[in-house]
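> The sequence shown: position 111 = 113 (the numbering used here), numbered continuously. Okay, handing you the structure first.
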Amino acid sequence: MHTCRFRQTVRPIQHDIFAPLLAGAILLFPAVLPGSQEEQLPAKLPAPVHLTAEQDHQRLMNLLHIKQLRPGADPNHPNAPNAVNYDESKVRPYKLPDALVLRNGQKVTTPEAWWNERRPELIEMFDEDVYGRVPADAPKVNWEVVSTTHQTVGAVPAVTKKLLGQVDNSSYPPIKVAIEMSLTTPAQARAGVPVIIEFGFVFPPGFKWPKGFTPPKQTGPTWQEQVLAKGWGYAVLIPTSFQADNGAGLTEGIIGLANKGQPRKLDDWGTLRAWAWGASRALDYLETDKSVNAKEVGIEGLSRYGKAALVTMAYDQRFAIGFIGSSGEGGAKPHRRNFGELVENLAGTGEYHWMAGNFLKYAGPLTANDLPVDSNELIALCAPRPVFISEGSPKVEGNWLDDKGQFEAEVAAGPVYRLLGKEDLGTTQFPPMETALIGGDLAFRQHSGGHTTGPNWPTFLEFASRYWK
Ligand code: GCU
3 MHTCRFRQTV
13 RPIQHDIFAP
23 LLAGAILLFP
33 AVLPGSQEEQ
43 LPAKLPAPVH
53 LTAEQDHQRL
63 MNLLHIKQLR
73 PGADPNHPNA
83 PNAVNYDESK
93 VRPYKLPDAL
103 VLRNGQKVTT
113 PEAWWNERRP
123 ELIEMFDEDV
133 YGRVPADAPK
143 VNWEVVSTTH
153 QTVGAVPAVT
163 KKLLGQVDNS
173 SYPPIKVAIE
183 MSLTTPAQAR
193 AGVPVIIEFG
203 FVFPPGFKWP
213 KGFTPPKQTG
223 PTWQEQVLAK
233 GWGYAVLIPT
243 SFQADNGAGL
253 TEGIIGLANK
263 GQPRKLDDWG
273 TLRAWAWGAS
283 RALDYLETDK
293 SVNAKEVGIE
303 GLSRYGKAAL
313 VTMAYDQRFA
323 IGFIGSSGEG
333 GAKPHRRNFG
343 ELVENLAGTG
353 EYHWMAGNFL
363 KYAGPLTAND
373 LPVDSNELIA
383 LCAPRPVFIS
393 EGSPKVEGNW
403 LDDKGQFEAE
413 VAAGPVYRLL
423 GKEDLGTTQF
433 PPMETALIGG
443 DLAFRQHSGG
453 HTTGPNWPTF
463 LEFASRYWK
């Protein structure tokens, strides 16, 4: 489960990792891991394969004919040869690929060329080498309302629906997958309301806060209360209900089901793409629910779920706005910038499952500079829709996520927004702490707290209010 992963992952100490759990978590259902029941296996179907993350990782390296990968940045040993770099003066000059130049070198100068040529080309490159492909015949999802509850959230009477998206597993019955989500909307709304979907963390059964860790106290209204107070609704989607957050889970969950329990091909979808797929299926449901205005649905997430939120926005153009929290490497951070977490970390056994198998190539023998795309282009894929890139304070959250790099990638996405008649960040200067850049269609803000989107909610809602009344 997610929280165990937190402890295994190499990360800076001051990163207050449990804040998001507190701030965003809702325990909807008892944690269910996508499972498999081998005893029902019909004769013609292949038996499900079970590999540890290490075995599966080695299998991918063999397929790629890679003997060795470079180690990730190490945040815990400052004298190690691979010690993480947090020093701006040691950042090697890097050049982001131009989002408006085709692979054949031609410049993209019209919206038509963006939509018809460059955008599809970028999607293809992200599919092939970065996040992997969703299979064309990915199973259908059938949503059911499990329960409807009336409650008051803050001061607002609201209706909460517990929802379950049953995934069609007729192609491979041994693997059962169901997407868990809850939807809360104001009880008194007369028409469909805007909704923000959050990728929600879940506490595993028996979860205990680590010794000495004091979870941050919620001060002021929760994000859910703030959203309802605007007359909007919110949904919490549980990513780990349909795709586990580890490599061993890749032959289970939605990825495993689509592959009939077999390991991934090199360009098959990774977990981030699977979580984003789930968000798209969640939006399919919202399109059928009269309490929702499905043209005004946003996606929010923090950290690994911040990456997933950005991938969701980039791929599915029905999402109207993105609130991308501390997404770092694999999210808004440029792969090419040697600061904080690196490609090599993502390619390790604790995180490779987020990505396509092909991504491993870039941690040996290739490098980040060989990637055909970078994060500025992922942000650009969201254009012309509004995106808010959110960070905490490096003093509290740490520098692992490279706030400045994320800002630079967002600046470099600007030309695509402008080409489509929208406004970029309005500056190329990294702003002082707590400066809200929300005048354009690309937005940015660092709040003074830790690893959470919490303190940025009021600013995000102000930004979103420019689009939704
Ligand atoms: C680790 C990982 C990050 C990730 C984070 C999180 O720190 O290195 O890439 O964003 O976990 O999800 O909390």
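Backbone N, C-alpha and C fix where the C-beta goes; we use that ideal spot for every residue, glycine too.
Which two residues bound the contiguous alpha helix (DSSP H) that contains P122?
121 to 127
> Which word fits N261, buried or exposed, when buried means at least 16 other C-beta atoms lie within 10 angstroms of its C-beta?
Looking at its Cβ environment, which holds 16 or more other Cβ atoms inside 10 Å, N261 is buried.
> Could you check whether the Cβ of E346 sits closer than 7 angstroms to any heavy atom belonging to the ligand GCU?
no
> Between I68 and L362, is the Cβ-Cβ spacing less than 8 angstroms?
yes
> If G167 and I181 are in contact, beta carbons under 8 angstroms, what's the gap, nearest whole angstrom?
3 angstroms
> In angstroms with no decimal places, state the Cα-to-Cα distance between H449 and S149.
One C-alpha to the other measures close to 37 angstroms.
> If you draw a straight line from the alpha carbon of L268 to that of R192, how long is it in whole angstroms?
49 angstroms
> For R387, name the three-state secondary structure that DSSP assigns.
coil
> Heavy atom of the ligand GCU less than 7 angstroms from the Cβ of G456, yes or no?
no
> From E298 to Q60, what distance separates their C-alpha atoms?
The C-alpha of E298 lies about 43 angstroms from the C-alpha of Q60.
> Assign I68 to one of three DSSP states: helix, strand, or coil.
I68: coil per DSSP, three-state reduction.
> Would you decide whether W279 is buried or exposed? Buried here means 16 or more other CB atoms lie within 10 Å of its CB.
buried
> Put R105 into one of helix, strand or coil per three-state DSSP.
coil
> Under 8 angstroms: do the stretch 92 to 102 and the stretch 376 to 395 share three or more Cβ pairs, one atom per stretch?
yes
> What does DSSP give as the partner residues of R135 in its beta bridges?
D270
> Does the pairing of the stretch 390 to 409 with the stretch 350 to 357 give three or more beta-carbon distances under 8 angstroms?
The answer is no - the stretch 350 to 357 does not touch the stretch 390 to 409, with fewer than three Cβ pairs under 8 angstroms.
> Have a look at L288 and Q264 and give me their C-alpha separation to the nearest angstrom.
Using only the alpha carbons, I get a separation of about 32 angstroms.
> Would you call the stretch 456 to 469 and the stretch 382 to 393 in contact, with 3 or more CB pairs under 8 angstroms?
yes
> Between the alpha carbons of P434 and E399, how many angstroms are there, rounded?
16 angstroms
> Measure the alpha-carbon distance for P32 versus P83 and round it to whole angstroms.
Its pLDDT being 36, under 50, P32 is placed unreliably by the model, and the measurement read from it follows with that caveat. So the alpha carbons of these two residues sit roughly 43 angstroms apart.
> Quick check on W234: buried or exposed, where buried means 16 or more other Cβ atoms within 10 Å of its Cβ?
buried
> State the start and end residues of the unbroken alpha helix (DSSP H) segment that holds W459.
Taken as a continuous stretch (DSSP letters only), the alpha helix (DSSP H) holding W459 covers 459 to 467.
> Pick out whichever of E254, D131, Q226, W117 has its Cα sitting closest to the Cα of L374.
Note on identity: in this sequence residue 374 is Pro, with Leu being the wrong assignment. Measuring from the Cα of P374, the nearest candidate turns out to be D131.
> Do G202 and the ligand GCU come close, with the Cβ less than 7 angstroms from some heavy atom?
no
> Please classify Q431 as buried or exposed, where buried requires at least 16 neighbouring CB atoms within 10 angstroms.
exposed
> Classify S91 as buried or exposed, calling it buried when 16 or more other Cβ atoms lie within 10 Å of its own Cβ.
exposed
> With respect to 7 angstroms, is the separation between the Cβ of W402 and the closest non-hydrogen atom of the ligand GCU below this value?
yes
> Taking 7 angstroms as the cut-off, is the C-beta of S395 nearer than that to any heavy atom in the ligand GDP?
The ligand GDP is absent from the structure shown, which contains only the ligand GCU.
> Using DSSP's beta-bridge definition, name the partner residues of N144.
Q168
> Buried or exposed: which applies to G258, given that a residue is buried once 16 or more other Cβ atoms fall within 10 Å of its Cβ?
buried
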